[in-house]
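Engineer: Straight run, no breaks: the sequence shown in the working numbering ends on number 1593.
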Amino acid sequence: MGKMEEQPKLLILYASQTGNAMDAAERLGREAERRGCSVTVLSVDQFDAGLLPPLKIVIFVVSTTGQGDSPDSMKVFWRFLLQRNLSQQWLKQVQYAVFGLGDSGYQKYNVIISRALFTLGNYGAYAINIIPIH
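1. Mind reading off the beta-carbon distance from ILE1471 to ALA1484? Whole number of angstroms is fine, and I expect it under 8 Å.
2. Who are the near neighbours of PHE1519 in its chain, counting only those whose CB is closer than 6 Å to its CB and skipping five residues on each side?
3. Which full runs of the alpha helix (DSSP H) of 4+ residues lie inside the segment 1520 to 1556, going along the chain?
4. Of all the beta strand (DSSP E) runs that stay within the bounds of the segment 1465 to 1523, which reach a length of 3 or more residues?
5. When the Cα atoms are used, what is the spatial distance from SER1546 to GLY1580?
6. Could you work out which residue in PHE1506, LEU1469, LEU1576, LEU1511 is closest to GLY1495 when comparing CA atoms only?
7. On the CB-based measure, 16 or more other CB atoms within 10 Å of its CB, does GLN1476 come out buried or exposed?
8. Identify whether GLY1559 lies in helix, strand or coil by the three-state DSSP scheme.
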């Protein structure tokens, strides 16, 4: 009998102030499982950002709060990503998608998503979704 094919592994990290991003991440995780993926859904404050490099596919679901700020649960993770001592190729094998949620009435709506795309790309990660932010 041949070797069984390993299920694709997917990590979904969410940052939520009021629970909307958590709900969206959990729905996304259920849909991915239904389609045959092995999925882990976690809040970013439950995940050590230093463990990103060996991962292959990561989806970030992030709410914007206030005037374009990241949720409190993302503060430590974000500070880690902004370190200056990380290699530009640190995330070269990581493919990622970023989905933003929030109130589009704010002037800086989803600015954290634009920053995340830029920062992850600077570390060599490959964006599998490029969605214009309006």
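Think of the CB as a built atom: it goes at the ideal place given N, C-alpha and C, for glycine as much as any other residue.
Structural biologist: According to the structure data:
1. 5 Å
2. Contacts found: LEU1472, VAL1557.
3. 1534 to 1540
4. 1468 to 1474, 1497 to 1502, 1516 to 1522
5. 12 Å
6. LEU1469
7. buried
8. strand
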